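K.L.:
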Amino acid sequence: MLLSLITTAALVGAAAPSPPVYTNRSDHFIVVPTFPTPQSAESTGEGWKAAFEKAQEAVSRLNLTQKVGLTTGFTYGLSCNGNIAPIPEIDFPGLCLADGPVSVRIADLTTVFPAGLTAAATWDRQLIYERGRGLGAEFRGKGASVHLGFAEDGTEIQAISANIDDRTMHELYLWPFANAVRSGVVSVMCGYNRVNQTYACENSKLLNGLLKGELGFQGYVVSDWYATHSGVNSVEAGMDMTMPGPMNTAATTLPGMPSYLGGNLTQAVLNGTVPESKVDDMARRVLSAYFFLHQDDDFPSIDPSTGFVFAATYAYPDEYLTLAGYDPSNPPPARDVRGNHSEIVRKVAAAGTVLLKNTNGTLPLKEPKNVAVFGNGAADVSEGLTYTGDESGPWGANVGALSVGGGSGAGRHTRLISPLFAIRNRVEEGTAGGRVQYLTDNAKIVEGDFTSIYPPPDVCLVFLKTWSREGTDRLSFENDWDSTAVVNNVARKCPNTVVVTHSGGINTMPWADNPNVTAILAAHYPGQENGHSIVDVLYGDVNPSGRLPYTIPKQPADYDFPIVNITVTLAQDPDAWQADFTEGLMIDYRHFDAKNITPQYEFGFGLGYTTFALAGDATFAPKSENVSAYPPPAARAYPGGNPALWDTIGSISATVENTGSVDGEQVVQLYVSLPRRGVPSNTPVQILRGFEKVALAPGASKLIEFPVLRRDVSFWNTTAQDWELPVGEIEFRVGFSSRDIKSKTFGTFLSFDISPH
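Numbered by mature numbering (1 follows the signal peptide of the UniProt record, and there is no 0), the letters in the sequence shown go through residues -17 to -1, 1 to 740 in order.
1) Return helix, strand or coil for residue 341, following the three-state DSSP convention.
2) I need the DSSP call for residue 570, collapsed to helix, strand or coil.
3) Which whole runs of the alpha helix (DSSP H) in the stretch 40 to 119 are 4 residues long or more, in chain order?
4) With DSSP collapsed to three states, give me the class of residue 146.
5) What does the alpha-carbon distance come out to for the pair residue 143 and residue 688?
6) Once you ignore the five residues that flank residue 625 on each side, which residues in its own chain have a CB closer than 6 Å to its CB?
7) Smallest Cα separation from residue 461: which of 535, 81, 519, 415?
8) Which ranges does the beta strand (DSSP E) cover as unbroken runs of at least 3 residues, wholly within the stretch 411 to 443, from first to last along the chain?
9) Identify every run of the alpha helix (DSSP H) within the stretch 175 to 202, keeping only runs that are complete inside it and at least 4 residues long; order them along the chain.
10) Around the Cβ of residue 511, are there at least 16 other Cβ atoms within 10 angstroms (buried) or fewer (exposed)?
11) Just the C-alpha distance for residue 46 and residue 453, rounded to the nearest angstrom, thanks.
12) Please go through the same chain and pick out, in chain order, the residues whose beta-carbon is closer than 8 Å to the beta-carbon of residue 263, but skip the five residues on each side of it.
13) Identify every residue that forms a DSSP beta bridge with residue 485.
14) Once the 5 residues before and after residue 674 are set aside, which same chain residues still bring their CB inside 6 Å of it?
15) According to DSSP, is residue 499 helix, strand or coil?
16) Would you list the one or two residues that DSSP bridges to residue 125?
17) May I ask you to report which of helix, strand or coil DSSP gives residue 688?
18) From residue 336 to residue 528, what does the alpha carbon distance come to, in whole angstroms?
19) Only counting the same chain, and skipping five residues up and downstream in sequence, which positions put a Cβ closer than 7 Å to that of residue 256?
20) Alpha carbon to alpha carbon, how far is residue 561 from residue 146?
21) Exposed or buried, residue 343, counting other C-beta atoms within 10 Å across all chains shown (16 or more means buried)?
22) How is residue 275 classed by DSSP in three states: helix, strand or coil?
23) Does the stretch 213 to 230 come close enough to the stretch 181 to 201 to have 3 or more Cβ pairs within less than 8 Å?
24) So, are the CB atoms of residue 12 and residue 162 less than 8 Å apart?
25) Beta-carbon within less than 6 Å of residue 117's beta-carbon, same chain only, minus the 5 sequence neighbours each way: which residues are those?
26) Please classify residue 5 as buried or exposed, where buried requires at least 16 other C-beta atoms within 10 Å of its C-beta.
27) Terminal residues of the continuous alpha helix (DSSP H) containing residue 605?
28) DSSP puts residue 173 in a beta bridge; with which residues?
29) As a quick exercise: from 478, 593, 691, 728, pick the residue whose alpha carbon is nearest that of residue 680.
30) Which parts of the stretch 581 to 653 are runs of the beta strand (DSSP E), unbroken and 3 residues or longer, counting only runs that do not cross its ends?
31) Along the chain, where does the alpha helix (DSSP H) that runs through residue 676 open and close?
32) Quick one: grab the DSSP three-state call for residue 405.
33) In terms of DSSP beta bridges, what is residue 355 paired with?
34) Does the Cβ-Cβ distance between residue 81 and residue 122 come in under 8 Å?
35) My guess is that residue 572 and residue 101 are in contact by the Cβ rule of under 8 Å, so how many angstroms apart are they, rounded?
36) Going by beta-carbon coordinates alone, are residue 588 and residue 533 separated by less than 8 Å?
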């Protein structure tokens, strides 16, 4: 639950430009309202000026009802998860909002990409970019103008208040949103939960104060589906669009249902409660985003086949198709948007696979003739190529390769390559006399029934999985389906056991030190090329280069916070609905550093089939003179916040060398340790502030230069309400993981005290 809450709070950009204050009754944070919403026309940014001008001209030609229509979702056909109505008077075709994070979820002839966690585990900016480009191309090809790429949600999310202090908001949860806004993101979703006691979609500190004010966000804020809890309050707080339109799920598929916005917003303007200029700004933000992305220039129509896919997915009767304007007896062919994206999926999935253990060079496999495959994560999926997840309960499909999660984050596979399929192809077709035995019934493995396995295999490959989907919390830190018993029983029979995990998050591995477990691979959620990508790594066609984007503990207690599953008794306690983020900045590796806990596998860790070293020491060079303690104030809002925070004020250089015998890739990582003097006491020991993935042949080397931005070495001063550069010597650590630091160097930007801001 806690992980889901953290992600949801981050999803709405939760923070405030003035510090949260405490209530009198408890120690839970509340926020001071921030009004009015910063006007979009007050902001500047590359590409936005022309978009604003076109949007302003278009809005000037609309009546009030049309402007309100740009802010209110409505039911239109069955082809999108949400729609904004067309406005022919300005040649606006409307907007199609579609799930989800890994695929055009409810569509045919699309690609199911690796999950975002898998992409993160690549630590490869180019591959992450290629994945994003591929996803974007498929959404565009299907006529979807808005990609709903949300994060995960736990259970009871609409009742929880995520309570976060001001510094933590800025230094931790604000950070990625500043990057996204600076990069040109045009829409942000406000989530279900409360943040510091106020629902995210009517939280003026989040939307007006932080997102549109401090970060200079140019685009529009759209609610998650049914996350709107008010009309006027949400509008004044900075929400620009409500989805899917109706107030609740009753008869969602029917037009004309009452909305918090829609006719109610029109009435609020007419009776003077909301100024029409506010609606103008909301409409202008929606159209500015549309023009900024050039979606007015030959954008594809909505693929009509997706209406039939919706009907099939949710078992809608033919009457729904008829009501939506389709002929149920004449489904159109699907528009194929896949291109060469299976190649991207395979590359990202392999690069996002992390080799955690490799005793005596077990991997890569040396073409063994007798391979045994175990575990219910190895075979084809027993429930078929797609499922919404509701019928799967907390565990997912009984048998089947896990490529992605469920719910709104799922995908409809046109194809799914299971590990067992790919391994059989490799062994039976590529190895003379090769054979593959398999046992994918975990219950039999737990019982110790290995009677079907003979002769004894040369290597045993065990595939574990952990299911996740929206609205469902994790049940355990371990992999699902009696995973520990499965591994231990196989390892008891097989002294050369290789374990592969498919999971959407952190798993403990109580079997990791079993001497018969000779190799471990964390393959995350790999997408449709599941089997191909893992075989590429197992056999050395791809040298594993993934690194952990999280820390794997030795035991659940190492994380301090247990996985929370709300029980009836707990649900009756009002304090159960208050999620106080008392850990502050100390999440993941920062927590392990602060508590001096030795993890099973640390953040940034990963092995390969070659070795690397730093050639010489890392060095620091200043890039700017006369640096002030605080950034000079910006003249106006700018995407990503004050431009001075993005100034390069120094650099760190290091040379990495491939000292092994085969080609490989290494991720060189830069961690920053701020001076203890003059910095708040709850500052992490070190913070990742740069990384670079380098491909090198044996004996080759490369010089890496990390730019040091002002924001990288600043902390949020809650009194001054600004980013402050600390006085004194800053330590820069270069290494191959958070615990594998190879070289340290030091730099000073301020050597004397600066008067208060």
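Even for Gly, the Cβ is constructed at its ideal location relative to N, Cα and C. Here the structure is a predicted model, which is why all the values come from computation and not from measurement.
P.N.:
From the atom records:
1) strand
2) coil
3) For the alpha helix (DSSP H) assignment, the uninterrupted runs of no fewer than 4 residues enclosed by the stretch 40 to 119 are, from N- to C-terminal side, 47 to 52, 99 to 105.
4) strand
5) 43 Å
6) 614, 617
7) 535
8) 418 to 422
9) none
10) buried
11) 39 Å
12) Annotation for residue 263: 42, 50 place their beta carbon closer than 8 Å to its own, counting only its chain and skipping 5 residues before and after.
13) 448
14) For residue 674, where only same-chain residues beyond five positions count, the Cβ hits under 6 Å are 106, 650, 652.
15) Coil, per DSSP.
16) According to DSSP, residue 125 shares a beta bridge with no other residue.
17) strand
18) 7 Å
19) 215
20) Cα atoms of residue 561 and residue 146: separation of roughly 7 Å, rounded to the nearest angstrom.
21) By the neighbour-count rule (16 or more Cβ atoms within 10 Å), residue 343 is not buried but exposed.
22) helix
23) yes
24) Judged by beta-carbon spacing, residue 162 lies beyond the 8 Å limit of residue 12, meaning their Cβ atoms are not closer than that value.
25) Same-chain partners within the cutoff: 324, 327.
26) Because the pLDDT at residue 5 is just 39, under 50, the model does not fix this residue reliably, and the point stays unresolved.
27) If you look at residue 605, you'll find it isn't in any alpha helix (DSSP H); it sits in the beta strand (DSSP E) that goes 602 to 605.
28) 206
29) 593
30) Secondary structure within the stretch 581 to 653: the beta strand (DSSP E) runs of 3 or more consecutive residues, fully enclosed, are 595 to 597, 602 to 605, 631 to 641 (chain order).
31) That residue, residue 676, is in no alpha helix (DSSP H); its beta strand (DSSP E) goes 670 to 679.
32) helix
33) 420, 443
34) yes
35) Between residue 101 and residue 572 the Cβ distance is about 19 Å, and since that is not below 8 Å, they are no contact.
36) no
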